[in-house]
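**Student:** Sequential numbering from 84 applies to the sequence shown in my numbering.
Beta carbons are placed, not taken as given, at the ideal position from N, Cα and C, and that holds for glycine.
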Amino acid sequence: KDKLIVEISKTPVDLKSDDSVIGKIGQYNIVDTRKGKSFVARQARKLAQKSRPDGLTPKLIIIHTGTSRPSKTIGTFLARGTSSNFEVGKDGTIYMYVPDELATLHSGYTNINNISIGVDISKSLSGGAGPYPPDQILATRNLVQSLCSKYGIPDVVAPDRRFYKDFKSKYRYGSERAGAAMAEYLIDQGIGIIYHRNILNKSCPDKFPVQALGQTKQLDLLKLKTILGFDLSPDPKNLPKDPFEPEEQL
Numbered sequence: 084k085d086k087l088i089v090e091i092s093k094t095p096v097d098l099k100s101d102d103s104v105i106g107k108i109g110q111y112n113i114v115d116t117r118k119g120k121s122f123v124a125r126q127a128r129k130l131a132q133k134s135r136p137d138g139l140t141p142k143l144i145i146i147h148t149g150t151s152r153p154s155k156t157i158g159t160f161l162a163r164g165t166s167s168n169f170e171v172g173k174d175g176t177i178y179m180y181v182p183d184e185l186a187t188l189h190s191g192y193t194n195i196n197n198i199s200i201g202v203d204i205s206k207s208l209s210g211g212a213g214p215y216p217p218d219q220i221l222a223t224r225n226l227v228q229s230l231c232s233k234y235g236i237p238d239v240v241a242p243d244r245r246f247y248k249d250f251k252s253k254y255r256y257g258s259e260r261a262g263a264a265m266a267e268y269l270i271d272q273g274i275g276i277i278y279h280r281n282i283l284n285k286s287c288p289d290k291f292p293v294q295a296l297g298q299t300k301q302l303d304l305l306k307l308k309t310i311l312g313f314d315l316s317p318d319p320k321n322l323p324k325d326p327f328e329p330e331e332q333l
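(1) Compare the C-alpha of Asp183 against each of Asp102, Gly191, Thr176, Glu170 and name the closest.
(2) Taking the Cβ atom as the reference point for each residue, do Gln132 and Val181 lie within a distance shorter than 8 Å?
(3) Cα separation between Lys290 and Lys120?
(4) Taking just the CA atoms, how far does Thr150 sit from Tyr192?
(5) Classify Lys206: buried if its beta carbon has 16 or more other beta carbons within 10 angstroms, exposed otherwise.
(6) Taking 8 Å as the threshold (C-beta atoms), are Ile145 and Ser199 in contact?
(7) Ordered along the chain, which non-local residues of its own chain (more than five positions away) have a Cβ less than 8 Å from that of Asn196?
(8) Quick one: give me the first and last residue of the beta strand (DSSP E) that Phe143 is part of.
(9) According to the Cβ coordinates, are Thr116 and Ile157 closer than 8 Å?
(10) Using 10 angstroms around the beta-carbon of Phe160, count the other beta-carbons present and answer buried if the total reaches 16, otherwise exposed.
And the structure:
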C-alpha cells in the first residue's frame, strides 16, 4: 500500500474562513481550498486539472481514501501529480479542490478521468479502517446525491467487486482499453457510484461504507461473461459466495 504522505504546511491554516465558504449542501459547508492568500490555498491552485474533452459530462463518481486533513492531501497530490475534485472531512465539511466541471487525475485512467468526479474521504489518524463519523457519512451522501442530480448520474452503487481482475484477462491491466471497457460495462449496468478498488489494484476507500451513498442493485454477470468471452474465475478472493450482498455498515 502506498504510504507517501506529504505535508505542505505545518502552520495551522483556517480553511473555513468566511471568504472560502462558498455554499452548503444540507447543513455542511463547502469550502473552496483555492481561495485566499495562504500557502495552502496557493498550492491548491496548482492541482492538476483540465477541461473535459468534446463536451463530455461526468458519468461516474469514484470514492477514494484521502489523508487526515486537506493540507496533507494537497501536498500528496502535488508530490504524485494527481488530484481529485472533493474531500469530505470528518466533521462533514466538504473541501473543493477542483470544480466538478473540470476533470482531475484521480482514477488511474485518462478516459475515466474525463467522465468522472473524484471524491476523497478524510481518514482518521488510525487509518482507513475508520471510524467514520455519522456527519462525514451523511455529508458524503449529500454531496454524491447532489452531483448525481446535477449531472443525471444514477445514484446506484457498484458492488464491492474488483472488476479489474475480471477485465485483465482480456485487456492489459491498467491500460486505457481496460479502463474504457470497465467504464462502459458499469455505465451500461446503470451504475453511477464506484469504489476506486473496483477499477484499480487499490484498497481505497478502505472501510468507508460506500453502500450508504445510494441504491444497490444486482449486475448482469452473464453480460460480463459475454464481454470477456469466458466463464468468470471462481477465485474466492474475487468472487465471494454472494458478491452482491451489501457490505457491513459501520
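**Tutor:** In short, the structure shows the following:
(1) Glu170
(2) yes
(3) 35 Å
(4) 21 Å
(5) buried
(6) yes
(7) Ala186, Thr187, Leu188, His189, Ser190
(8) A quick correction: the sequence has Leu, not Phe, at residue 143. 143 to 148 is the extent of the beta strand (DSSP E) around Leu143.
(9) Less than 8 Å separates the beta-carbon of Thr116 from that of Ile157.
(10) buried
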